[in-house]
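Each step along the sequence shown adds one to the number in my numbering, with nothing skipped, and position 6 is -1. For glycine and all other residues, C-beta sits at the position ideal for the given N, C-alpha and C. Here's the structure, in structure tokens; my notes come after.
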Amino acid sequence: MTVAISGYGRYSAIRDWHLGDVDRRGLRPASPESLSGIGRWMHETAVRDGQAVLADGIAHLFGQAECPRCASVFGIADEYASSHRPVK
């Protein structure tokens, strides 16, 4: 599975070697009011600096995605942070 937040779209999908991204599911962005911590800071900084596209991407990064295979919903930033923690 892949999660895309780019000029090509904002979605989760199954990445197929020959077909590209298939079974796309739209991401569910976090509302700016619900952001806290680093997400709030990043979003507010992007808005303050007139970077609307970046602010929108940050809202998606701190939002939720749906797995195309099992339909489970998960927090994108939380899952990324969890899977990239240093091994002790």
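For this session: Count the other CB atoms, across all protein chains shown, that sit within 10 Å of the CB of Y30; report buried if there are 16 or more and exposed otherwise.
Result: The residue you asked about is not Tyr; residue 30 is Gly in the sequence shown. The residue is exposed, with fewer than 16 neighbouring Cβ atoms inside 10 Å.
Problem set entry | Chain-order list of residues whose beta-carbon lies under 6 Å from that of A70 (same chain, five-residue window excluded) | L54 and F55
Problem set entry | Straight-line gap, I51 to V15 (C-alpha atoms, nearest Å) | 24 Å
For this session: State the Cα-Cα distance for the pair R78 and H11, rounded to the nearest angstrom.
Result: 32 Å
Exercise. According to DSSP, which residues form a beta bridge with T(-5)?
Worked result: A6
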